[in-house]
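See structure below.
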Amino acid sequence: REWLTVYQLPSYAPDLNPVEGIWSILRRTTLANRAFADPEELIAAVRRGLRQLQYRSDVLDGCLTGTGLVPAPP
Numbered sequence: 010r011e012w013l014t015v016y017q018l019p020s021y022a023p024d025l026n027p028v029e030g031i032w033s034i035l036r037r038t039t040l041a042n043r044a045f046a047d048p049e050e051l052i053a054a055v056r057r058g059l060r061q062l063q064y065r066s067d068v069l070d071g072c073l074t075g076t077g078l079v080p081a082p083p
């Protein structure tokens with residue numbers, strides 16, 4: 010159909026997934042050089058990192074831009 014465009018993506022394409030950029034940021038900041046005693050501690054650290062990122066729209070937009078996607082205007 011004319012209104013639908015389908016792209017065949019490779020089975021694993023981290024460069025096309027904006028979430029990979031978020032994980033990369035978390036690995037370099039919140040989760041860097043840490044050993045977690047249990048899964049709950051890891052979960053708390055990830056939540057804390059995501060909570061900090063939610064206020065950094067410039068960083069999140071950069072993750073979208075890195076994939077070739079354009080962030081929606083406010």
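Using the working numbering, the letters of the sequence shown correspond one by one to residues 10 to 83.
For every residue, glycine included, the Cβ atom is placed at its ideal position computed from N, Cα and C.
Computed from a predicted structure; not experimentally measured.
Please state if the CB of residue j and the CB of residue i are separated by a distance shorter than 8 Å.
| i | j | result |
| --- | --- | --- |
| residue 40 | residue 53 | no |
| residue 27 | residue 72 | yes |
Under the assumption that residue i contacts residue j (Cβ atoms under 8 Å), give the Cβ distance between them as a whole number of angstroms.
| i | j | result |
| --- | --- | --- |
| residue 25 | residue 74 | Actually they do not touch by this definition, with Cβ atoms about 13 Å apart. |
| residue 34 | residue 51 | Their Cβ separation, rounded to whole angstroms, is 16 Å, which puts residue 34 and residue 51 out of contact at 8 Å. |
Any idea what DSSP makes of residue i, helix, strand or coil?
| i | result |
| --- | --- |
| residue 56 | helix |
| residue 17 | coil |
| residue 50 | helix |
For residue i, which of the options has the nearest alpha-carbon?
| i | options | result |
| --- | --- | --- |
| residue 69 | 11, 30 and 12 | 30 |
| residue 60 | 38, 44 and 16 | 38 |
| residue 56 | 67, 32, 44 and 66 | 32 |
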